[in-house]
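*Asks:*
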Amino acid sequence: MRQHDVLPVACAAPGTAEYDEAAAVFNLAAPARPAVAVTARSVAEVRAAVREADARDLPVRVHTTGHAAGARPAVDGGLLIRTRLDGPVVVDAERRTARVPAGATWGEVVAAAAPHGLAAPHGSAAHVGVVGYLLGGGVSFYGRYTGLAANRVRAVELVTADGELVRADAATDPELLWALRGGGGGFGVVTAVEVELFTVAKVVTGAAYWSAAHARPLLRAWRDWAKEAPRRATTSLRVMNLPPVPGVPPALAAGPVLCVDGAVLAASREEVAQARRQAEDLLAPLRGLAEPLMDTWALTDAAGVLDAHMDPAEPVPFIGDHLLLADLGDDAVDAFLDVVGEGSGSPLAVATLRQLGGAFADADPRGGVLNRVDAAYAYMGSGPPFGPVTAADLEAHCATVRSALAPWDTGRTVPSLVEGADRPQCHLDAEARSAVDRVRARIDPRGRFAGDIAPGATAAG
Ligand SMILES: Cc1cc2nc3c(=O)[nH]c(=O)nc-3n(C[C@H](O)[C@H](O)[C@H](O)COP(=O)(O)OP(=O)(O)OC[C@H]3O[C@@H](n4cnc5c(N)ncnc54)[C@H](O)[C@@H]3O)c2cc1C
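In this text, residue positions in the sequence shown follow our numbering: the first is 219, and each later residue adds one.
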């Protein structure tokens with residue numbers, strides 16, 4: 219049998235282990251309840267599932283890990299395809315690319331790239347799915363050096379609504395490749411992506427934590443450093459309310475903390491001393507302001523970057539929000555800490571400011587429709603509806619933060635960072651949305667995947 223022949227596929231109904239496996243999501247606050255679900259492990263199984271949906275006239279949704287389950291309209295009815303395609307991540311060291319089967323996580327790509335002295339444009343967590351992250355833009359911990367991760371995608375293989383496998387690259391279908399990268403989804407089922415890697419010798423990475431009592435001067439110092447920071451450095455600042463549970467160091471669970479983490483890249487051996495100095499330029503003034511409670515910053519290999527942020531590895535429920543912010547003056551620092559800092563009563567477990575600028579702001583002629591980020595910081599804040607904190611508390615506090623930060627809100631968003639399907643979203647301008655709609659109409663004329671389109675990503679709103 220040829221590799222892509224169509225096989226019969228069993229779409230599982232609720233109440234079966236197969237259904238539970240296919241419909242499972244990382245964000246437990248946004249469970250998926252499709253009519254039927256399937257875990258596709260080969261291109262043939264994806265094709266068969268899409269053809270079955272066509273025969274039964276079912277809308278199709280697609281996911282990998284369900285990290286973004288809360289960011290998309292609820293999966294409620296229809297067919298849900300989980301992509302977990304068999305096969306390894308294959309690195310072409312000469313071309314500096316990785317071919318990644320849909321279903322792979324960034325941890326798998328980093329592990330495959332490392333023996334070749336290469337690194338990947340991943341985000342903060344090893345277990346995030348490569349495909350959803352890349353289709354949504356992808357804000358990497360190397361992003362001030364690499365730009366939006368989606369811009370580094372060189373090819374996408376996908377099964378379209380007619381059940382056919384197509385490859386979109388610069389030679390075969392540049393328009394589809396362009397629209398897939400940040401266009402908001404709804405084109406088909408991606409089965410593999412080819413992504414450009416970059417050289418890495420060492421990385422200075424880690425996280426330093428302080429009592430949030432020192433938040434104001436620390437945030438101001440980090441903000442001042444961020445304005446002039448080198449492109450090899452990409453960092454984030456978080457105010458965290460960590461619960462006293464196993465895995466959380468007691469010193470960090472004793473009260474709100476402020477964390478500065480990130481990565482400073484040494485692309486070659488010659489750059490290692492410079493990377494150390496650049497990390498020191500960031501950390502020495504912060505350490506001088508107050509003694510950290512914990513500090514893991516160190517020179518390490520690329521894999522260390524995935525450990526620095528300490529995101530939860532197991533599924534958790536969370537509700538949150540995302541904004542792209544302009545430059546933050548002292549008034550903005552005060553406004554931010556007034557609603558998420560010590561004494562604010564914030565129920566958010568994490569309130570993050572991701573440092574943008576650098577290559578994030580550059581237009582990339584080889585990039586996708588979401589090509590650059592015109593903002594200084596990405597805000598994300600979220601928490602679990604757990605114990606005394608209810609979903610309503612979190613929703614209300616998301617609104618409070620949104621209103622406090624309104625003067626600095628650019629009104630734009632990056633799809634991969636969106637945390638709530640009903641939040642205002644604006645990834646693209648009207649002209650780009652219309653152009654992407656035209657590509658969708660060509661690829662999926664009957665709208666089989668229409669439910670998979672990110673809110674706000676079409677010209678219709
Ligand atoms: C702990 C944590 C850390 C994170 N860190 C970062 C970060 O540093 N930077 C960043 O930018 N984002 C980050 N994110 C957000 C993350 O990038 C998005 O949630 C992303 O969508 C995850 O991709 P996924 O495929 O795992 O998600 P899923 O929820 O499985 O998929 C999200 C969407 O992608 C599309 N999709 C997924 N697979 C396919 C496929 N095979 N074919 C077609 N469409 C598909 C679908 O439209 C789906 O609704 C983080 C999220 C979490 C929870």
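All residues carry an ideal CB built from backbone N, CA and C; glycine is no exception.
Can you tell me the Cα-Cα spacing of T315 and V523, whole angstroms?
*Replies:* 20 Å
*Asks:* Leaving out five residues on either side along the sequence, give the residues of the same chain with a beta carbon under 8 Å from the beta carbon of T618.
*Replies:* Taking T618 as the centre and dropping the five residues before and after it, the same chain places the C-beta of V557 closer than 8 Å to its C-beta, in chain order.
*Asks:* Would you list the residues sitting across from K445 in a DSSP beta bridge?
*Replies:* In DSSP, K445 forms no bridge with anything.
*Asks:* Out of S260, A258, D238, point me to the one whose CA is closest to A250's CA.
*Replies:* D238
*Asks:* Which partner residues does G424 have in the DSSP bridge list?
*Replies:* G480
*Asks:* How big is the Cα-Cα spacing for E270 and A419?
*Replies:* 48 Å
*Asks:* Can you tell me where the beta strand (DSSP E) holding L541 begins and where it ends?
*Replies:* 537-543
*Asks:* With respect to 7 Å, is the separation between the Cβ of H645 and the closest non-hydrogen atom of ligand 1 below this value?
*Replies:* For ligand 1, not one heavy atom lies less than 7 Å from the Cβ of H645.
*Asks:* Is any heavy atom of ligand 1 found at a distance shorter than 7 Å from the C-beta of L353?
*Replies:* yes
*Asks:* Could you check the C-alpha separation between G547 and E489 for me, to the nearest Å?
*Replies:* 32 Å
*Asks:* Express the C-alpha separation of V407 and E382 in angstroms, rounding to a whole number.
*Replies:* C-alpha separation (whole angstroms): 10 Å.
*Asks:* Would you kindly work out how many angstroms separate the C-alpha atoms of G233 and V349, rounded to a whole number?
*Replies:* 28 Å
*Asks:* I need the DSSP call for I661, collapsed to helix, strand or coil.
*Replies:* In this structure, I661 counts as helix in the three-state DSSP scheme.
*Asks:* So, under 8 Å CB-CB, A240 and V264 are touching, yes? Tell me the CB distance rounded to an integer number of Å.
*Replies:* Contact flag wrong, Cβ pair sits at about 12 Å.
*Asks:* Which partner residues does L376 have in the DSSP bridge list?
*Replies:* V384, V408
*Asks:* Taking all protein chains shown into account, decide if A520 is buried (16 or more other Cβ within 10 angstroms of its Cβ) or exposed.
*Replies:* buried
*Asks:* Does the Cβ of T283 lie closer than 7 Å to at least one heavy atom of ligand 1?
*Replies:* yes
*Asks:* Could you tell me the distance, in whole angstroms, from the CA atom of V636 to the CA atom of G288?
*Replies:* 9 Å
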